[in-house]
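In full-length UniProt numbering, the protein residues as written are 1 to 432. The structure appears right after this line, and notes come after that.
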């Protein structure tokens, strides 16, 4: 039997040549991944630590378990991921290109015929991929995570052991129960010398116990106390009082009647991009006097209550999300162009300039969103105009760095255009 040899096919052989990664692309991306992961982790940890302290103070007052804190922090991750992603992308690309510029790697690539645009191509493709991911993040993951955070915080703040027990001080965990203890532990769960007066069911019960332990069930929003070695004096409205002795007993001392949390869609930030688009389409049809009776809303579309949200707010939120997502592919271009050092320069403020540009651009988008939400301006003017200006400036900057739009070349082009116009005028004059 003769073995049939198969021809070797390199990885990504079926990928189009324009986006197919080669050795240079793999090297550049491998250099960018570690600083990107480090920068993303540092920014996320810094943002989460700030909110962690606030949540700890609020949840500790309600005696909520540590698992509730972890769930709330997990719901905050998509929001802070949207803030950390552009910053980490800018810092990582800047660090890679600056190191290559310092070690003359860029000069070696240029001398071998590789242009700066070719070096930036894998970074731009990676930025485009992150831009697509950010559309999913901003448009679908963040709205659900925002609602889940608000729901979890509401349930956590309305559950738990509300009264703060102090030794020798009466507490009223419910309208029919009064509680007093001679000794209270630091966390408020272990009691000594317990006295409870319960007036529910139309009769009075006076309970005395040597020890007690408070247990909180956040799932059922109730608090129970386990009593040890005590007695119960029952005084009915009619009849003789009775005394009952016990070694162990459990009493329900607090039960919170929680109201169900509202449906998703209280504001436009809790709606997905698809829901925003459908709401805008429905409002536009209603403004023209058209009623869609053919396709009624499904059950999933009725789960959010966005009837009171004005169309201007919906339009502002949708355009703001799209503008932020479409701007991310240009961040690597900006970072690469500002990271290149000029000859005989030991350092520059390129990273600081990039941070200032990104912060200014983000604030401009937020200001434009507020203007559109209040109906004072059009999204084309205050959202998309800054977006086009940012993208165009990043492109022009990288082209200038690549010596494709140098001032001398630009003057030469303008002179050629002027000569062509003069030549055409002479031809038209001779024809007459």
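No residue lacks a Cβ here, since even glycine has one placed at the ideal position from N, Cα and C.
Only residues of its own chain outside the window of five on either side were considered, and among them 85, 89, 328, 329 have a CB closer than 8 Å to the CB of residue 130, listed in chain order. For residue 145 and residue 78, the gap between their C-alpha atoms comes out near 7 Å.
For the region 50-114, the continuous alpha helix (DSSP H) assignments of 4+ residues that do not extend past its boundaries occur at 66-102, 105-111, in sequence order. If you keep only unbroken alpha helix (DSSP H) runs of at least 4 residues inside the region 311-337, you get 311-327. Sorting 190, 42, 203, 73 by C-alpha distance to the C-alpha of residue 227 places 190 at the top.
Three or more beta-carbon pairs drawn from the region 316-324 and the region 382-401 are found closer than 8 Å, and the two stretches are therefore classed as touching. The beta carbon of residue 151 lies closer than 8 Å to those of 261 in the same chain, with the five residues before and after it left out. In the three-state DSSP reduction, residue 364 falls in the helix class (H, G or I).
Distance from the CA atom of residue 173 to the CA atom of residue 282, rounded to whole angstroms, is 49 Å.
Beta-bridge annotation (DSSP): residue 211 is paired with 192, 228. Excluding the 5 residues flanking it on each side, residue 96 has same chain C-beta neighbours closer than 6 Å at 31, 32, in chain order. Between residue 273 and residue 422, the alpha-carbon positions lie close to 53 Å from each other.
Bridge pairing for residue 248: 228 [DSSP]. Within the DSSP secondary-structure output, residue 276 pairs in no beta bridge. Residue 82 is positioned such that its CB atom lies closer than 8 Å to that of residue 142. In this chain, the alpha helix (DSSP H) harbouring residue 400 covers 385-401. The residue from 353, 29, 104 with its alpha-carbon nearest to that of residue 120 is 29. Runs of the beta strand (DSSP E) lying entirely within the region 113-156 and spanning at least 3 residues: none are present.
In this structure, DSSP gives residue 266 a state outside helix and strand, which the three-state scheme calls coil. Counting C-beta pairs closer than 8 Å gives fewer than three between the region 131-141 and the region 350-358, which falls short of the contact rule. In this chain, the beta strand (DSSP E) harbouring residue 177 covers 177-184.
Of the candidates 340, 171, 98, the residue whose Cα lies closest to the Cα of residue 400 is 340. A Cβ-Cβ contact shorter than 8 Å links residue 230 with residue 209. Between residue 105 and the set 378, 24, 248, 375, the nearest pair of CA atoms involves 24. Within the same chain, 397, 398, 401 come within 6 Å of residue 337 by CB-CB distance, once the 5 residues on both sides are set aside.
Residue 206 has 197, 233 as its beta-bridge partners, per DSSP. The straight-line gap separating the alpha-carbon atoms of residue 424 and residue 39 is approximately 57 Å.
Residues of the same chain with a CB within less than 6 Å of the CB of residue 349, apart from the 5 flanking positions on each side, do not exist. DSSP lists 233 as the beta-bridge partner residues of residue 243. The alpha-carbon of residue 127 is positioned some 22 Å away from that of residue 366.
One Cα belongs to residue 320, the other to residue 249, and the distance between them is close to 59 Å. Burial of residue 198 is indicated by the presence of at least 16 other C-beta atoms within 10 angstroms of its C-beta. Within the DSSP secondary-structure output, residue 171 pairs in a beta bridge with 179. Annotated three-state conformation of residue 309 is coil, per DSSP. Distances from the CA of residue 179 to each of 267, 110, 214 were compared; the closest alpha carbon is that of 214.
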